[in-house]
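Written out below as structure tokens is the structure these notes cover.
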Amino acid sequence: MKKSMLQWAGILVVFILVLTLCIEAKDTNEILEHRSDLITIDTLKSFDALERPKVVFLHDLHTEALEKSNKDCKTCHLSEKSSKDRLSLKFKRLKDTGKQEVMDIYHAECIGCHKEISASDQDAGPVEVCGECHKKDAGLISSNLPVAFDKSLHFRHTEANKDEKTNKGDCGLCHHEYDEKAKKLFYAKEKEGSCRYCHMKETEENRMSMRLASHSGCIDCHKKAADNKKKTGPIKCSGCHDPDMQQKIEKVKVVPRIERKQPDIVLIHANKQKTNKDDRISRMNPVPFDHKAHEGYNDTCLACHHASLDSCSKKCHTPTGSKEGKYVNLESAMHQKGNKKSCLGCHEINQRQPNCAACHSLNAENRMLETSCQICHMKPLLKNSPATTMDEKLMAEMLLKSKKAASGTYKDEDIPEKVIIKELAEEYEPVELPHRKIIKTLLNNIKDNTLAGYFHAEKGMVCQSCHHNSPLDTKPPRCGSCHSKPFDGRNIFRPGIKGAYHQQCIRCHQVLKLEKPKSTGCTDCHKDKKK
Amino acid sequence: MSISRRKFLGWMGAAGLSTAFGSPVHAAANKHFKGYPDSLGVLFDSMLCIGCRNCEAGCNKVNGLPPPDLPFDDLTVLSKKRRVNTRTFTVVNLYDHSEGIKNPLFRKIQCNHCLEPACASACFVRAFTKTKEGSVVYDPSVCVGCRYCMIACPFEIPTYEYDKVLTPRIRKCTMCHPRVIEGKLPGCVEICPNEALTFGKRKDLIKIARDRIRKYPDRYVDHIYGENEMGGTSWLYLSGVPFKELGMREDLGVTPAPELTAGSLSTVPMVAGLWPVLLTGLYAVSKRKEKIAKIEQHQAIASTLEKANAEAESKLSKALAKAQKEKDAAIKIEIKKALEEAKKTQEKEGS
Amino acid sequence: MSEKAAAASKSFFTPFNVVAGIIVIIGLILTALRFTGGLAAVTNLSDYNPWGIWIGFDLLVGVALAAGGYVTSAAVYLFGMKRYHSAVRAAILTGFLGYALVVLALHYDVGRPWRLPYPFIIQQGTTSVLFEVAACVALYLTVLFLEFSPAALEWLGMEKLRNLITKLTLVLTIFGVILSTLHQSSLGALFLIAPSKLHPLWYSPYLPVFFFVTSVIAGLSMVIFESTLSHRYFGDKMDEDHIREKDQIALGFGKAASYVLAGYFAIKVIGVSAGNHWHFLGTSYGLWFLVELFGFVALPCFLYAVGVRDKNLRLIRWTAVIAVLGIILNRFNVCLIAFNWHLPSSERYFPHWMEIGISVFVVTIGVILYRFIVTRMPILYEHPEYTDAH
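Residue numbers (the working numbering), protein chains in the order written: chain A, 31 to 561; chain B, -9 to 341; chain C, 4 to 393.
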């Protein structure tokens, strides 16, 4: 009996100890290291479920170690068959032939190299214990950020590769097309587009994934230039992907336009291929579009031309939608809110900057006047002459020229300088609102904004920020005409007068981050009543 | 209790009685108390709250509460995590949120006035009442002071006057019930400058909240806190960040508190009804066992006794027979002797 | 007469009397503080923690440990286990005193104790589990009083009344079991209303069942524990029957407790699986839960079994102590330790020493009363004039 009791007690003690250890281990907060060169080796998962945790591999650590011992990339990466200079991105192999083979390659080559190095009394990676590489939690956090190849970088690459004599860039260094018949890459002049039009997220037949394409393309070229002792871009992971290093990438302030024979101005029609069958959309006036200006607003063509540089409506965003365009029809493609790729979506997102949001986040948010359509879909200039009969480009130019990009308002004398708000003067003195000053400030804030200029050209439009739901006139109705007692059951969505004033003033001041008056400082606006 | 009944009715329906009981089954299955019709409530919009503490001051004034330690215009207390207590029926706390424009965020804490209040269902003297106006009010004249309501409240709202000897009371927000029935607004709502508090019929408040979410999808989290939490509350909340970040519990579920204990309470009549039968039965069984054992014992004793008697009797008779024999033999011998003697005497006399 | 008085004064300052006296004096002072300064003066209760050890220990533990009364009387009178007869009176006395003290302790805890009858006479909050508890405890206290009264009546020599009440034994026992089933389980059901406050490992829709089953364990273990103590301190009061049956009782009740503990272990595990709360076992609360489950359920279950197999009475008696501690731990966990687990440690409750003082005071009163009754009334022996009655 005594023995069994002892056993029982022993089991209990061991159990508690193990649990305590587990909890202790969980409670400790390690400071995790951030690295931009984390590569997870989990190739085997394409064959079978993984038997051990995947390996977290620090690429830069290995590159640096090799550099020190005067070894190069070829220590680990083999040359591709197609070209000697092009290295395979895989480790010590060109293809993933089979589970056992790939595993053997990793084990033999990694451990072999580590052994070799440790034999010469240098620090080396793990040699024996599986768990040292196959760790569940390596205690590292990836700080790897995708790098944007923006206009500035594009320009610097063109400049760097200019022929000294002709002073012309060699676009074919990077841009190429694929010849299906000859199974070869070739350069097609003025057909250049974003890499992403062809190189997708995953590798497809005859098409590398974007990840592979950029790593082999960029690094090979940088490496070659570096070997020739030329100034060149990064080779290591951190050079492109480390957040701090990205900040250090040189930026060209004024980037010249990328020349690819793209138009300066376009007249965007819904009915280019007029079929008569469906004239529903063709009723809208075409939109004169300043392509050149928009190039300047965006960093890459991808901002709008997200899938190709072809016409949006031809195959994908047809007027009624098509499978290729995920059934996003032309109307949506141009007007979908919240989507940066559409015209309206991008303009709307622009409204979120404080100078716009001051008004647009309260009364004007998500509000569109019926007259707004015609600001883009302009009326043809010449009466009785359909747009199509004129030269499109000329007409677009004329239309654009006729457009005024200036926010208008009434003459100073029509705008009261001060407004006294007396409605709520119970506890405090009436509020003196610097009415004209507020309008001037709002106008001043959007003075340089062309987009705002087009939409606020009409006099009285800016007044709508506060005098919402009222006619465009110098004599808007009083606030109290609509807003009176709060919580009126017949108008449940309408705030009372006190709420209406405060919500409007406070929201605007919050958005514009005005330090004074503070939203909680009652006497900043309301003077204490004299007793 | 409602669950079991629902199930029971469900089974009846499944058993083919659905045609006969069709509509009542349906009605019972969908029975869920959604609050008194046209009951009132308040919608708190954290995106409109500016943290001015006017509501705290208003509440203090209309409820005649003692003055606070720090004046209401001292906004530094906001960043402390305060709770309601016997001297404060409502507090506004500041919750830091890292995402630019939505920072800082405030939340007002007070009684949520549940549609089916936990406190009312927990009170064993019915000191709490859910009024048809929507507020949950407390009657100190019957309160015993057991504080089970404080255990039951998922929002940790009721507070207790621990320092009072003879008249300790539960203290909590009443949604200004006395003012509301006079047609006035609750103190906090009336004073709020920014209409961050909207007072009205609960069903309208839900419409207003939905409208705000629809109009400003980027600004609000698509959830009205209190619409279904703990079966629904009269006080509703809108927020720009997950409610958890405003210190509100998102794990309360939608079951009204009374339902949590209803199942257990429903077993009371069953126990009271069945236990006597069961226990008397057990007693009878054990009694009967005893009885049978006794009878068997008696029988055993009787039979052994009988046996013993019989044996004794046979022994006796044997002994008697033997004795008789011996007696007979002795008599014979005696007779013989006597005869012989007589003969002898005759012979003597004859000679 | 004078001799007796001299003997009494001589033995007045026994260690027991001195300690008990001090505790009672302190208790009375604390009582005065409680009823002049309010709860705030003597407790650490707060708005987050409305219930302290006066509920967690005095009510929950008190009621559980007083379960010996209904367990023993049910075993003897209902299930016909006559061989345990000598334990009944002691168990019922313990139960009666236990419940009486629970009610006494509640007078300290509730804000306005003079209103304790309100739920019955003013307004009935029938939707409240607490109402069920209150009603059952009040009724059961009456039942226990009646069940106990024969002993007192024998002592007082009121034969007729005593005989009348003994005739009610069966009815009272059945009534007692019903009431105990109801309120022992409802004490667990009290916490059903707060799933958001009680740690998921302890919260379960089966809480009422857990509380009822543990009350059986507590009842059985308390009878063993208390008969051990009685034998040690009041051995001279015991008659032959008691001394002869004492070991029988320990073996029989130990065996029963072992079975019930095994069943309880099983339903506890089922409770965790039903809620799928396994992942909590890796946390510190999980460790604590395992300590309770293995150290105070599985261990006493095993030790009882071993003790009964080997007829090792010493082991059984020590196991009874572990089991009783386990019940105390369980009630503390549900009411205090795992309750409000989501609160930061600064808001958590720890009893004030004066709260503990009152609890000790209440327990001491119980011991004194027990001693008073046992040394005077026929509890541990049969009254020579009433031996026929059972």
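All C-beta atoms, glycine included, are put in the ideal place defined by N, C-alpha and C.
| Query | Result |
| --- | --- |
| Three Cβ pairs or more, each shorter than 8 Å: is that satisfied between the stretch 176 to 195 of chain C and the stretch 125 to 142 of chain C? | yes |
| List the whole-angstrom C-beta distance separating C/S89 from C/D244, where the pair is believed to meet the contact cut-off of C-beta under 8 Å. | 5 Å |
| In this structure, what does DSSP give as the bridge partners for A/H64? | A/I171 |
| If C/L328 sits next to C/G59, beta carbons under 8 Å apart, how far is it from one beta carbon to the other, in whole angstroms? | About 14 Å separates the two Cβ atoms, so there is no contact after all. |
| Between which residues of its own chain and C/G55 is the CB-CB distance below 7 Å, once the five residues before and five after are set aside? | T46, N47, L48, Y352, P354, E358 |
| Mind checking the stretch 511 to 529 of chain A against chain B and listing, in chain order, the residues whose C-beta falls within less than 7 Å of any C-beta there? | P516, F517, G519, I522, F523, P525, G526, K528, G529 |
| May I ask you to list the residues that DSSP assigns as paired with B/T119? | B/V127 |
| Count the other C-beta atoms from every protein chain shown that fall within 10 angstroms of the C-beta of C/G114, then say buried if there are 16 or more, exposed otherwise. | buried |
| Which partner residues of A/K214 appear in the DSSP bridge assignment? | A/D209 |
| For C/R115, does the three-state DSSP call read helix, strand or coil? | coil |
| Distance cutoff 8 Å, beta carbons only. Does B/I321 sit that close to anything in chain C? | no |
| Rounding to the nearest angstrom, what Cα-Cα distance links A/A218 and A/M398 in this structure? | 44 Å |
| Can you tell me whether A/F216 sits near the ligand PLP, meaning its C-beta is under 7 Å from at least one heavy atom of the ligand? | You won't find the ligand PLP in this model; it holds no ligand whatsoever. |
| Helix, strand or coil: which one does DSSP assign to A/A95? | helix |
| Mind pulling the chain B residues with CB within less than 8 Å of C/E358? | Result: empty, since nearest Cβ-Cβ is about 12 Å, beyond 8 Å. |
| How would you list, in chain order, the residues of chain B whose beta-carbon sits under 8 Å from the beta-carbon of A/H532? | P183, N184, E185 |
| Cα-Cα, which of A/C270, A/I451, A/K431, A/L473 is closest to A/S437? | A/L473 |
| What's the gap between the Cα of B/A18 and the Cα of B/E249? | Unreliable placement is indicated for B/A18, whose pLDDT of 40 sits below 50; the coordinate value is still reported in the next sentence. Rounded to whole angstroms, B/A18 to B/E249 spans 15 Å at the Cα level. |
| Output yes if chain A places a C-beta closer than 8 Å to the C-beta of B/I40; else output no. | yes |
| Check each residue of the stretch 27 to 54 of chain B: if its Cβ is closer than 8 Å to any Cβ of chain C, include it; give the result in chain order. | none |
| Alpha carbon to alpha carbon, what distance is there between A/H144 and A/S150? | 10 Å |
| Under the rule that 16 or more other beta-carbon atoms within 10 Å means buried, what is A/C160, buried or exposed? | exposed |
| Do A/P547 and A/D558 have their CB atoms nearer than 8 Å? | no |
| Within the continuous beta strand (DSSP E) that includes B/D35, where are the two ends? | 30 to 35 |
| Find out if the Cβ-Cβ distance for the pair B/L187, B/C45 is shorter than 8 Å. | yes |
| How is C/S49 classed by DSSP in three states: helix, strand or coil? | coil |
| Show which residues of chain B have a CB atom less than 8 Å away from the CB atom of C/Y51. | R73, E146 |
| Give the straight-line distance between the Cα atoms of B/I181 and A/A337, rounded to the nearest whole angstrom. | 55 Å |
| State the start and end residues of the unbroken alpha helix (DSSP H) segment that holds A/D257. | 240 to 257 |
| Report all residues from its chain with a CB closer than 8 Å to the CB of B/T245; omit the five preceding and five following residues, and keep chain order. | M220, G221 |
| Could you give the distance in angstroms between the alpha-carbon of A/Q37 and the alpha-carbon of C/F305? | 12 Å |
| Please classify A/T350: does DSSP put it in a helix, a strand, or coil? | coil |
| So, under 8 Å CB-CB, A/H271 and A/V177 are touching, yes? Tell me the CB distance rounded to an integer number of Å. | 6 Å |
| Buried or exposed for B/P148, please, with buried defined as at least 16 other CB atoms from any protein chain shown within 10 angstroms of its CB. | buried |
| Out of curiosity, what's the CA-to-CA distance linking A/S266 and A/A138? | What sits at residue 266 of chain A in the sequence shown is Lys, not Ser. Distance between the alpha carbons of A/K266 and A/A138: 25 Å. |
| Alpha carbon to alpha carbon, how far is C/L284 from C/A70? | 31 Å |
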